[in-house]
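Trainee: The listed protein sequences derive, respectively, from chains A and B. Each residue of the first sequence is one higher than the last, beginning at 3 in our numbering. Each residue of the second sequence is one higher than the last, beginning at 3 in our numbering. Sharing a structure here in structure tokens format.
Protein chains: 2
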Amino acid sequence: MARTQQSRTFPQPGHNHDRCAVQALARAEALCDAKRLRFTSVRRRVLATVWASHAPIGAYDILAQLNAGGGRNAPMAVYRALDFLLAHGLVHRVASLNAFVGCAHPGEAHSHKLGSQLLICRACGSVVEFDGRAVSAAVARAAPGFAIESEVIEISGLCPHCRRLTRRKAIARD
Amino acid sequence: MARTQQSRTFPQPGHNHDRCAVQALARAEALCDAKRLRFTSVRRRVLATVWASHAPIGAYDILAQLNAGGGRNAPMAVYRALDFLLAHGLVHRVASLNAFVGCAHPGEAHSHKLGSQLLICRACGSVVEFDGRAVSAAVARAAPGFAIESEVIEISGLCPHCRRLTRRKAIARD
DNA sequence: CTCGTAAACGTTATAGTATAACGTATCAAT
DNA sequence: ATTGATACGTTATACTATAACGTTTACGAG
Ligand SMILES: [Zn+2]
Ligand SMILES: [Zn+2]
Ligand SMILES: [Zn+2]
Ligand SMILES: [Zn+2]
Numbered sequence: 003m004a005r006t007q008q009s010r011t012f013p014q015p016g017h018n019h020d021r022c023a024v025q026a027l028a029r030a031e032a033l034c035d036a037k038r039l040r041f042t043s044v045r046r047r048v049l050a051t052v053w054a055s056h057a058p059i060g061a062y063d064i065l066a067q068l069n070a071g072g073g074r075n076a077p078m079a080v081y082r083a084l085d086f087l088l089a090h091g092l093v094h095r096v097a098s099l100n101a102f103v104g105c106a107h108p109g110e111a112h113s114h115k116l117g118s119q120l121l122i123c124r125a126c127g128s129v130v131e132f133d134g135r136a137v138s139a140a141v142a143r144a145a146p147g148f149a150i151e152s153e154v155i156e157i158s159g160l161c162p163h164c165r166r167l168t169r170r171k172a173i174a175r176d
Numbered sequence: 003m004a005r006t007q008q009s010r011t012f013p014q015p016g017h018n019h020d021r022c023a024v025q026a027l028a029r030a031e032a033l034c035d036a037k038r039l040r041f042t043s044v045r046r047r048v049l050a051t052v053w054a055s056h057a058p059i060g061a062y063d064i065l066a067q068l069n070a071g072g073g074r075n076a077p078m079a080v081y082r083a084l085d086f087l088l089a090h091g092l093v094h095r096v097a098s099l100n101a102f103v104g105c106a107h108p109g110e111a112h113s114h115k116l117g118s119q120l121l122i123c124r125a126c127g128s129v130v131e132f133d134g135r136a137v138s139a140a141v142a143r144a145a146p147g148f149a150i151e152s153e154v155i156e157i158s159g160l161c162p163h164c165r166r167l168t169r170r171k172a173i174a175r176d
């Protein structure tokens with residue numbers, strides 16, 4: 003299988019993102035079908051908007067996209083759809099940005115059932131989930147006596163691609 | 003030294019919290035004095051309000067406290083003071099709650115210069131920082147090629163004290 | 001097929017969080 | 001005293017999220 007949003011690596015700058023989006027929608031459809039959930043029009047459109055890129059998007063930006071063609075949706079429609087998508091693991095909330103991003107591994111045995119573990123590139127905006135099992139284990143060891151119920155782990159910095167660009171610029175300035 | 007907010011353990015339910023607050027203010031004053039920073043009246047009052055408890059408080063709740071005696075401060079005053087306090091490590095932002103909490107180790111060699119690593123009790127609301135050096139190391143190992151710049155690590159659950167209470171209730175129901 | 005129920009949705013209003021922009025006051029160094 | 005930088009006051013506005021209500025739609029039981 004070609005490398006799509008499935009992987010836990012940052013997406014190449016010029017990758018064919020249509021494949022990511024199409025695949026994410028297909029997976030969501032399959033998951034809802036399997037669980038007898040209603041993957042309604044609003045929910046599908048919101049998920050598609052979230053998957054328009056690998057960068058988090060705010061609820062009101064989703065709303066604007068939804069209404070771009072003359073729609074008259076209210077904020078509630080978006081928030082309700084997001085509640086559904088969050089509840090079933092199809093999107094993640096990015097607390098540090100008050101925004102939302104598609105989940106690349108819905109339904110899979112998330113090592114991180116407790117929450118999301120995200121890498122956020124401040125340059126290109128892309129977000130990927132990383133395998134945080136070792137991190138969760140370290141957290142558990144660091145918090146003896148504390149009954150962990152959920153984790154918000156959001157790491158910001160530069161993804162490999164943007165780091166390369168930054169270095170080139172720095173060299174060019176010399 | 004008696005156990006105050008200095009420690010990385012959850013505060014006892016009935017502890018003498020005045021000591022925590024007084025000590026936090028004194029430390030802030032000393033830190034600002036050393037760095038030639040202006041620890042102005044608004045900043046002091048905002049920090050004191052944040053330290054009114056070990057639970058995070060929202061900016062508008064701080065504002066309400068500030069204006070409780072008939073003050074006429076605007077939200078900007080609070081946000082500007084919080085910006086200052088955040089910039090100098092005197093408070094932490096709790097992204098998952100859109101709220102703020104006092105830093106118990108200002109100026110110390112935070113293992114976590116990159117961000118905050120917090121345990122949040124959903125029952126009593128108390129927040130403590132934990133020693134996240136091992137966690138940061140695990141994050142770095144889990145994100146090869148990613149240039150980490152900041153970390154938001156917020157773990158929610160039940161603190162030891164509240165966990166004990168919950169268990170007692172569960173037993174009582176039997 | 002009709003009915004009854006629960007889920008989803010539409011709509012309006014409101015609550016809660018954060019910043020922009022501009023002028024004034026204060027501080028500290030020359 | 002002059003001056004430049006920092007902090008503050010004030011107003012307005014942007015952005016994020018939920019409450020509460022009634023209506024519609026989906027779907028299984030009978
Ligand atoms: Zn893509
Ligand atoms: Zn990037
Ligand atoms: Zn205390
Ligand atoms: Zn507690």
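Virtual Cβ for every residue (Gly too), placed ideally from N, Cα, C. Remember, predicted model here, so these are calculated numbers, not experimental data.
Could you tell me if the beta carbon of alanine 22 (chain A) falls within a distance shorter than 7 angstroms of some heavy atom in ligand 1?
Mentor: The residue you asked about is not alanine; residue 22 (chain A) is cysteine in the sequence shown. Indeed, a heavy atom of ligand 1 lies less than 7 angstroms from the Cβ.
Trainee: Please report the distance separating the alpha-carbon of histidine 90 (chain A) from that of arginine 74 (chain B).
Mentor: Between histidine 90 (chain A) and arginine 74 (chain B), the C-alpha separation is close to 45 angstroms.
Trainee: Go through its chain and collect everything with a Cβ distance to glycine 117 (chain B)'s Cβ below 6 angstroms, but skip five positions before and after it.
Mentor: Once the five neighbours on either side are set aside, the close Cβ partners of glycine 117 (chain B) are Ser152, Glu153, Val154.
Trainee: With a threshold of 7 angstroms, establish whether the CB of histidine 19 (chain A) neighbours any heavy atom of ligand 1.
Mentor: Yes - ligand 1 has a heavy atom lying nearer than 7 angstroms to the Cβ of histidine 19 (chain A).
Trainee: Between the beta-carbon of threonine 51 (chain B) and the beta-carbon of leucine 39 (chain B), is there less than 8 angstroms?
Mentor: No. Outside cutoff.
Trainee: In whole angstroms, what is the alpha-carbon distance linking tyrosine 62 (chain B) and proline 77 (chain B)?
Mentor: About 7 angstroms.
Trainee: Closer than 8 angstroms, CB to CB, is glutamate 153 (chain A) near chain B or not?
Mentor: Chain B, which has a Cβ nearer than 8 angstroms to the Cβ of glutamate 153 (chain A), makes this yes.
Trainee: Measure the C-alpha to C-alpha separation of phenylalanine 86 (chain B) and glutamate 110 (chain B) and round it to an integer number of angstroms.
Mentor: Spanning the two alpha carbons is a distance of roughly 17 angstroms.
Trainee: Are there 16 or more other CB atoms within 10 angstroms of the CB of methionine 3 (chain A), so buried, or fewer, so exposed?
Mentor: Low confidence applies to methionine 3 (chain A): its pLDDT is 47, below 50, so where it sits in the model is not reliable enough to give any reading.
Trainee: Helix, strand or coil for cysteine 123 (chain A)? Go by DSSP, reduced to three states.
Mentor: It is a strand residue.
Trainee: Only counting the same chain, and skipping five residues up and downstream in sequence, which positions put a Cβ closer than 6 angstroms to that of serine 158 (chain B)?
Mentor: Contacts found: Ile122, Arg124.
Trainee: Can you grab the Cα-Cα spacing for the pair valine 80 (chain A) / glycine 134 (chain A), in whole Å?
Mentor: Using only the alpha carbons, I get a separation of about 29 angstroms.
Trainee: Answer with yes or no whether the minimum CB distance from glutamine 7 (chain B) to chain A is below 8 angstroms.
Mentor: Reliability of the predicted coordinates at glutamine 7 (chain B) is poor, the pLDDT of 47 falling under 50, and no value is obtained from them.
Trainee: Quick one: Cα of alanine 30 (chain A) to Cα of glutamine 14 (chain B), how far?
Mentor: If you take the alpha carbons of alanine 30 (chain A) and glutamine 14 (chain B), they lie about 46 angstroms apart.
Trainee: Would serine 98 (chain B) be called buried (16 or more neighbouring beta carbons within 10 Å of its own) or exposed?
Mentor: Buried: at least 16 other Cβ atoms inside 10 Å.
Trainee: With C-beta atoms as the reference, is valine 141 (chain B) less than 8 angstroms away from valine 96 (chain B)?
Mentor: No; because the gap between Cβ atoms is not below 8 angstroms, this pair is not in contact.
Trainee: Anything in chain B within Cβ reach of cysteine 1 (chain A), meaning under 9 angstroms, just list it in chain order.
Mentor: Residue 1 (chain A) cannot be examined here, being either before or after the span of chain A that is shown, 3 to 176.
Trainee: Which residues in chain B have a C-beta closer than 9 angstroms to the C-beta of isoleucine 173 (chain A)? List them in chain order.
Mentor: Within 9 angstroms Cβ-Cβ: nothing; isoleucine 173 (chain A) doesn't reach chain B, min ~16 angstroms.
Trainee: Kindly say whether aspartate 137 (chain A), judged by its beta-carbon, lies nearer than 8 angstroms to any beta-carbon of chain B.
Mentor: Correcting the residue identity first, residue 137 (chain A) is valine in this sequence and not aspartate. At least one chain B Cβ lies under 8 angstroms of valine 137 (chain A).
Trainee: Just verifying my parser: in three-state terms, what is the DSSP assignment at histidine 94 (chain A)?
Mentor: Strand, per DSSP.
Trainee: Any heavy atom of ligand 1 inside 7 angstroms of the beta-carbon of proline 162 (chain A)?
Mentor: Checking every heavy atom of ligand 1 against the Cβ of proline 162 (chain A), none is found closer than 7 angstroms.
Trainee: At what residues does the alpha helix (DSSP H) containing isoleucine 64 (chain B) begin and finish?
Mentor: Note, isoleucine 64 (chain B): alpha helix (DSSP H), 61 to 68.
Trainee: Less than 7 angstroms separating the Cβ of alanine 101 (chain A) from some heavy atom of ligand 2?
Mentor: Checking every heavy atom of ligand 2 against the Cβ of alanine 101 (chain A), none is found closer than 7 angstroms.
Trainee: Hey, out of B:Arg169, B:Phe41, B:Arg170, B:Phe12, whose CA is closest to alanine 57 (chain B)'s CA?
Mentor: The option with the nearest alpha carbon to alanine 57 (chain B) is B:Phe12.
Trainee: Residues in its own chain within less than 6 angstroms of alanine 83 (chain A) by CB, not counting five upstream and five downstream?
Mentor: Only Val44, Arg45, Val48 meet the Cβ criterion.
Trainee: Could you give the DSSP three-state label for alanine 54 (chain B): helix, strand or coil?
Mentor: Of the three classes helix, strand and coil, the one that applies to alanine 54 (chain B) here is coil, per DSSP.
Trainee: Evaluate alanine 104 (chain A) with the Cβ neighbour count: other Cβ atoms within 10 Å of its Cβ, from every protein chain shown; 16 or more gives buried, anything less gives exposed.
Mentor: Position check: residue 104 (chain A) holds glycine in this sequence, whereas alanine was assumed. Result: buried.
Trainee: With hydrogens ignored, establish whether the beta-carbon of serine 98 (chain A) is closer than 7 angstroms to any heavy atom of ligand 4.
Mentor: False, no ligand heavy atom lies under 7 angstroms from that Cβ.
Trainee: Skipping 5 residues on each side, what residues in its chain have a beta carbon closer than 6 angstroms to that of alanine 177 (chain A)?
Mentor: Nothing in the structure corresponds to residue 177 (chain A), since chain A is present only between 3 and 176.
Trainee: Taking the C-alpha atoms as reference points, what is the distance between glycine 71 (chain A) and alanine 136 (chain B)?
Mentor: Those two C-alpha atoms are separated by around 50 angstroms.
Trainee: Excluding the 5 residues flanking phenylalanine 148 (chain A) on each side, which residues of the same chain have their C-beta closer than 6 angstroms to its C-beta?
Mentor: Result list for phenylalanine 148 (chain A): empty, nothing under 6 angstroms.
Trainee: Going by DSSP, what residue range makes up the alpha helix (DSSP H) through glutamate 156 (chain B)?
Mentor: Careful: glutamate 156 (chain B) lies outside any alpha helix (DSSP H), inside the beta strand (DSSP E) at 149 to 160.
Trainee: From the DSSP secondary-structure annotation, give me the bridge partner or partners of phenylalanine 102 (chain B).
Mentor: According to DSSP, phenylalanine 102 (chain B) bridges with B:Ile59, B:Arg95.
Trainee: State the DSSP-derived secondary structure class of serine 138 (chain B), mapped to helix, strand or coil.
Mentor: If DSSP states are grouped into helix, strand and coil, serine 138 (chain B) belongs with the helices.
Trainee: Let me see if you follow: with CB-CB separation under 8 angstroms, is leucine 121 (chain B) close to chain A or not?
Mentor: Yes - at least one Cβ of chain A is within 8 angstroms of the one on leucine 121 (chain B).
Trainee: My output table needs one value for glutamine 7 (chain A): the three-state DSSP class, helix, strand or coil.
Mentor: At glutamine 7 (chain A) the pLDDT is 47, less than 50, meaning the model places this residue with poor confidence and gives no usable figure here.
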